[in-house]
Amino acid sequence: MTSPAPAVATTSPAPSVSVLDLAPVVPVVVLEDAADAVPLARALVAGGLPAIEVTLRTAAALDAIAAIAREVPTASVGAGTVISVANVAETVAAGAKFLVSPGWTDTLLAAMRASGVPFLPGVSSASEVVALLERGVTDMKFFPAEAAGGTAYLKALAAPLPQARFCPTGGISAASAPHYLALPNVGCVGGSWMLPSEAIATKDWARVERLAAEAATLRG
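In this note's numbering, the protein residues as written are 106 to 325.
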């Protein structure tokens, strides 16, 4: 007698709003000082990039998310580097409007779906994409984009898996972003080229706004 196929975890439907439709470019922000969060977010929004991913890579991240959610209502602030159920709970409580993870498990996926906010689970292989499609998820983060095959890999996925849509993140620059955005299965890209470290260190928010304005036009 053959063994039955393993059950696929089922959860509630994903939120109807997609992270991929918020903006063509999502700034990926790493902040050491939460005091920089509000002026940085205002500069990005003024430049035309309202969707802002604050990564959970620093101790300041939760305070930064809370400050942006509270003081910059025109921004859609999200949490990146979400890797645990606790991360989901604490970031949504802080005011995160979307969630992004570098990878996924069924446990993490269930928590993100239960949060009620849009989310992007991370993938870097066709098998991971198929596994998410089985679970009813069509919008994903492709990470690390350049290291995992870049535009050539995403082009190869488009034919057999046309229902999958991606936000490539990882190693993307102002020069390469338009090539990703031209692909039919790419909704947006994530990057930090509009956030040079020296501009953050010197609080040159005008420069950040200029770079954000340039990034906002990359899709054409």
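Backbone N, C-alpha and C fix where the C-beta goes; we use that ideal spot for every residue, glycine too.
*Cβ of residue 158 within 8 Å of Cβ of residue 132?*
yes
*Does the separation of the CB atoms of residue 150 and residue 180 fall below 8 Å?*
yes
*Enumerated in chain order, which unbroken segments of the beta strand (DSSP E) with a length of 3 residues or greater are wholly contained in the stretch 242-305?*
244-247, 270-273, 294-296
*What's the call for residue 244, buried or exposed, on a 16-neighbour Cβ count within 10 Å?*
buried
*Could you say which of 163, 188, 173 lies nearest to residue 135 if we only look at CA atoms?*
163
*What is the rounded straight-line gap between the Cα of residue 301 and the Cα of residue 219?*
35 Å
*So, using beta-carbon positions, are residue 174 and residue 199 closer together than 8 Å?*
yes
*Relative to the alpha-carbon of residue 323, which residue among 140, 207, 280, 146 has its alpha-carbon at the smallest distance?*
280
_Exposure of residue 208, with buried meaning 16 or more beta-carbon neighbours within 10 Å_ = exposed
*Complete runs of the alpha helix (DSSP H) confined to the stretch 153-183 [at least 4 residues]*: 166-176
*asked:* Going by DSSP, what residue range makes up the beta strand (DSSP E) through residue 127?
replied: It is not in any beta strand (DSSP E) - residue 127 carries neither H nor E in the DSSP assignment.
*Exposed or buried, what is residue 307 when buried is set at 16 or more other beta-carbons lying within 10 Å of its beta-carbon?*
exposed
*Confirm, please, whether the CB-CB distance from residue 314 to residue 148 is below 8 Å.*
yes
*asked:* Taking 7 Å as the limit between beta carbons, can you name the residues of its chain near residue 139, skipping five residues before and five after?
replied: 165, 168, 169, 172
*Which residues share a DSSP beta bridge with residue 227?*
246
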